[in-house]
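Under full-length UniProt numbering, think of the first position of the sequence shown as 1, with each following residue one higher.
Beta carbons are placed, not taken as given, at the ideal position from N, Cα and C, and that holds for glycine.
Computed from a prediction, not measured in an experiment: that's the story for all the values here.
Here is the structure we will look at.
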Amino acid sequence: MGEVNTALQKIARGAGITITGTALSLVMGFVSRALIARGVSLSDYGLFNLTITILTLTLTVAALGIPNAMPRQIPYYLTKKREKFHDLISTAMSIVLMSGLLTAGILFIFSGVISKVFTDPGVSWTLKIIAASAPFTLLTSYLISSTLGLGRVRERFYYQQILRPGLWLVGVSILYLVGFTLTSLLYLWVVSSVITFFILFIDVRRLGIIKIQPSINPEVAKELILFSIPLMLSGILWTFMTKMDTLMVGHYLPSSEVGLYNAAVPLANLLSLGLAAIETLYVPMATPLFARGSMEELTRLYQVVTKWILLGTLPFFAVLFVFPETSLWLVFGSKYLTASLTLQILAIGFMFHSALGPNGLTLTVIGNTGFLTVSNVLAVISDFLLNILLIPRWGIEGAAVATATAYLVANIAKSCKLYSETGIHPFSRAYTKSLILGAGLIALLKVLVVMLKMDNVWGMVVLLGISAGLYAILLLVFRVIEKEDIDLILAVERKFGVNLKLIRLILERLGYSN
1 MGEVNTALQK IARGAGITIT GTALSLVMGF VSRALIARGV SLSDYGLFNL
51 TITILTLTLT VAALGIPNAM PRQIPYYLTK KREKFHDLIS TAMSIVLMSG
101 LLTAGILFIF SGVISKVFTD PGVSWTLKII AASAPFTLLT SYLISSTLGL
151 GRVRERFYYQ QILRPGLWLV GVSILYLVGF TLTSLLYLWV VSSVITFFIL
201 FIDVRRLGII KIQPSINPEV AKELILFSIP LMLSGILWTF MTKMDTLMVG
251 HYLPSSEVGL YNAAVPLANL LSLGLAAIET LYVPMATPLF ARGSMEELTR
301 LYQVVTKWIL LGTLPFFAVL FVFPETSLWL VFGSKYLTAS LTLQILAIGF
351 MFHSALGPNG LTLTVIGNTG FLTVSNVLAV ISDFLLNILL IPRWGIEGAA
401 VATATAYLVA NIAKSCKLYS ETGIHPFSRA YTKSLILGAG LIALLKVLVV
451 MLKMDNVWGM VVLLGISAGL YAILLLVFRV IEKEDIDLIL AVERKFGVNL
501 KLIRLILERL GYSN
């Protein structure tokens, strides 16, 4: 298991950087969203989110699955086909560039046709502006995914998680002070995308991390596309599933309802933080284990990582599920409080998504990308049908039920397939104990909030503080901490020079040892 410990320590170090970057990105994103939501009308906020959603879906198609493929293909080529590594880099970038330029043209020309699908005709002119960002966004995504394939998180941290949201926040803050217009927000989106790409491109060239030349190797292109197509289809379906609710709310309801819904969605997305923190490093670490046939080590890696994700996600879930109105008020203001039930429903779906761990990523590692498409098809169909049935009846709460159900369908399908193919599952004894203890504590917390009427800021601070301390004690008493966790504590001490002697002494007194 020494190889698993090494991989876990690398993931933990990288995840620490990624969590920091993701947290900073989320904070900047939330501040930006809060300023926009407070500074514009509900209708303009809804139209802005609808435009960005359409752009995101279009770019998922235009990316052709290449950014998702590179973190796997790069270590594979370096291991099996090192002589063609530079051909892979240049070919992938050339394809992405051509696709990005074509996408920008299509969005601009057909914006009027697209707008007819939605209640608000303003989508027509907003898409014309935002289209210019398409090639720069795709190229940025490609460069970052390529550096991730080399085991680097620096570029993702500085450019995707710090520079891009930082530029956006500065621009939004200035506009908030001088006065918002929807047009100025859209132009700001384009400018921040362009600046981010060029600074990243210059830095990558300067460091010589990868050699970029505008050329296409037909053999490499064929292999890349064949591998990427299932990922592209899976990515399209998954993105469509995650964004379908916004699109269909925009189809059935006014833009103001889209605005309300998009106050709940980003908060619920917090529950993906733990999974996002490890996914950039999990594939490069897990792929060599699978390539060597080390299935026992791969299973252990999956189980420990999933336990970490669960433990890191439960506190966020407790906040959003138990204190929905307080969460919405703190971030977006009082006019968004009617989205509290929507937030609770979405939180359940996102929690389930994170709690089963990197099941889709592991299917990618073992080469079964085709089933990702199958599972996402099932999820999209259920989401689409439920949206048609529920949104006209229940409004944005119906959209939330549809989305949460789709997440359940997709993740159950992926986990069942992964288990049938490899025997891998997340339900170690430590994971099961963590899940039961956490669920029981959150249920108790919700009952106390309702009985004591403490759904406010002070109630949230007091009750969550007490619950967090109690949960930590229960985890130790029920022996959820494992050998890999203790090894990780020692590795952190050695790596960062942090004195964790008190933690080690407590663990030793409770009978734990490394």
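Span of the alpha helix (DSSP H) around residue i
i	result
Y431	429 to 452
A263	255 to 268
H86	85 to 109
V194	182 to 207
G250	218 to 252
A400	396 to 422
N359	359 to 365
S173	164 to 178
A132	Taken as a continuous stretch (DSSP letters only), A132 belongs to no alpha helix (DSSP H), as it is neither H nor E.
P71	66 to 80
F48	42 to 62
For residue j and residue i, believed in contact at Cβ under 8 angstroms, the rounded distance
i	j	result
L372	N411	That belief does not hold up - the Cβ atoms of L372 and N411 are roughly 12 angstroms apart, past 8 angstroms.
F48	L182	6 angstroms
R206	G21	Contact doesn't hold; Cβ gap of about 21 angstroms is too wide.
A443	L346	Not really, about 19 angstroms apart at Cβ, beyond 8 angstroms.
F110	G250	So it is not a contact: roughly 17 angstroms between Cβ atoms.
N269	F323	Rounded, the Cβ-Cβ distance is 17 angstroms, inconsistent with contact.
V96	I52	About 20 angstroms separates the two Cβ atoms, so there is no contact after all.
V172	I388	Not confirmed; about 35 angstroms, so no contact.
T342	A379	About 19 angstroms separates the two Cβ atoms, so there is no contact after all.
L188	L175	7 angstroms
A92	V331	38 angstroms between Cβ atoms; not a contact.
L57	T239	6 angstroms
V377	L226	Not confirmed; about 19 angstroms, so no contact.
Q73	L224	7 angstroms
T137	L231	At roughly 18 angstroms, the Cβ-Cβ gap does not stay under 8 angstroms, so T137 and L231 are not in contact.
**Request:** Could I get the ranges of all uninterrupted alpha helix (DSSP H) runs contained in the segment 305 to 356, with 4 residues as the minimum, in chain order?
**Result:** Here the runs fully enclosed are 324 to 332, 340 to 355.
**Request:** Decide yes or no for the touch test of the segment 430 to 439 against the segment 305 to 314: beta carbon pairs closer than 8 angstroms, at least 3 of them.
**Result:** Yes, the segment 430 to 439 touches the segment 305 to 314.
**Request:** Give a yes or no on contact between the segment 40 to 56 and the segment 257 to 267, applying the rule of three or more CB pairs nearer than 8 angstroms.
**Result:** In short, these stretches touch, since the Cβ pair count reaches three.
**Message:** Count Cβ pairs between the segment 282 to 300 and the segment 406 to 424 that sit closer than 8 angstroms; are there 3 or more?
**Reply:** Contact between the segment 282 to 300 and the segment 406 to 424 is present, because at least three Cβ pairs lie under 8 angstroms.
**Stretch pair the segment 125 to 137 + the segment 102 to 113: three plus CB contacts closer than 8 angstroms** = Segments in contact, yes.
**Message:** Measuring CB atoms only, is the segment 453 to 467 touching the segment 315 to 325, in the sense that at least three cross pairs come out at less than 8 angstroms?
**Reply:** Taking 8 angstroms as the limit for Cβ pairs, the verdict is that the segment 315 to 325 does touch the segment 453 to 467.
**Item:** Touch test, the segment 57 to 72 against the segment 190 to 197, Cβ-Cβ under 8 angstroms, three pairs minimum
**Value:** Flag = no, the segment 57 to 72 and the segment 190 to 197 do not touch.
**Message:** Would the segment 214 to 223 count as touching the segment 76 to 93 if we require 3 or more Cβ pairs under 8 angstroms?
**Reply:** Three or more beta-carbon pairs separated by less than 8 angstroms link the segment 214 to 223 to the segment 76 to 93, which places the two stretches in contact.
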